[in-house]
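A short worksheet on the structure shown next.
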Amino acid sequence: MKPIERTEIQQTITEQPLMALYLYTPLCGTCQLAKRMLTVVEELFPALPFYETDVNYIPEQAVVWKIESVPCLLLFVDGTMVGKWYAFHSVPYLYEEIQARLPR
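Per UniProt numbering, residue 1 is the first one in the sequence shown, and the count goes up by one each step.
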């Protein structure tokens, strides 16, 4: 997962045809567990770039995206958010959820 700066997020969403964005806070224990799961999921989708950012640094964008809590995974296809997850459940669950929203 590649860290992404606040100033790069919107441009990256616009330029990337596919993109996953993981939102977290540094002191969130559940976020640390979720990140380990996403590291595995990332390997299952080599064509899908995964980015991460601390939600504390993007409060305005968090409001626009209606982020309710962390951890949160957002999936963008052609600049449009097509998925938002707070409960990660398991690696197979995330795989199926992401796969179902990717273009065929």
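From the three backbone atoms N, C-alpha and C, an ideal C-beta is built for every residue, glycine too.
Limits of the unbroken beta strand (DSSP E) element including residue i
i	result
V77	72–77
Beta-carbon proximity check, residue i vs residue j, cutoff 7 Å
i	j	result
P71	T30	yes
M81	L74	yes
Cβ-based neighbour list, residue i, same chain, cut-off 7 Å, excluding 5 preceding and 5 following
i	result
L48	L18, A20
G79	I13, T14
N-terminal and C-terminal residue of the alpha helix (DSSP H) that residue i is part of
i	result
I98	91–101
Cβ shell of residue i (< 6 Å), same chain only, five flanking positions each side left out
i	result
I58	R6
Residues near residue i by beta carbon distance below 8 Å, same chain, minus five either side
i	result
G83	L73, L74, L75, E97, I98, R101
M1	Y22, K35, L38, T39, E42, F50, Y51, E52
Closest by C-alpha distance to residue i, when choosing among the options
i	options	result
L23	H89, Y95, L94, S69	S69
V77	R104, L38, C28, Q32	R104
C10	Q61, V91, R36, A87	Rather than Cys, the amino acid found at residue 10 in this sequence is Gln. It is Q61.
S90	K35, T25, E8, M1	K35
Y86	L44, L33, Q16	L33
P92	E52, Q16, V55, E42	E42
N56	Y95, T25, L94, Q16	T25
L94	E8, C28, L44, K66	L44
Chain D contact for residue i (CB, 7 Å cutoff)
i	result
R101	Looking at the structure shown, chain D is missing, and only one protein chain is on hand.
Contiguous beta strand (DSSP E) assignments of at least 3 residues, all confined to the UniProt domain "Thioredoxin" (6–84)
Runs found: 18–24, 50–54, 72–77.
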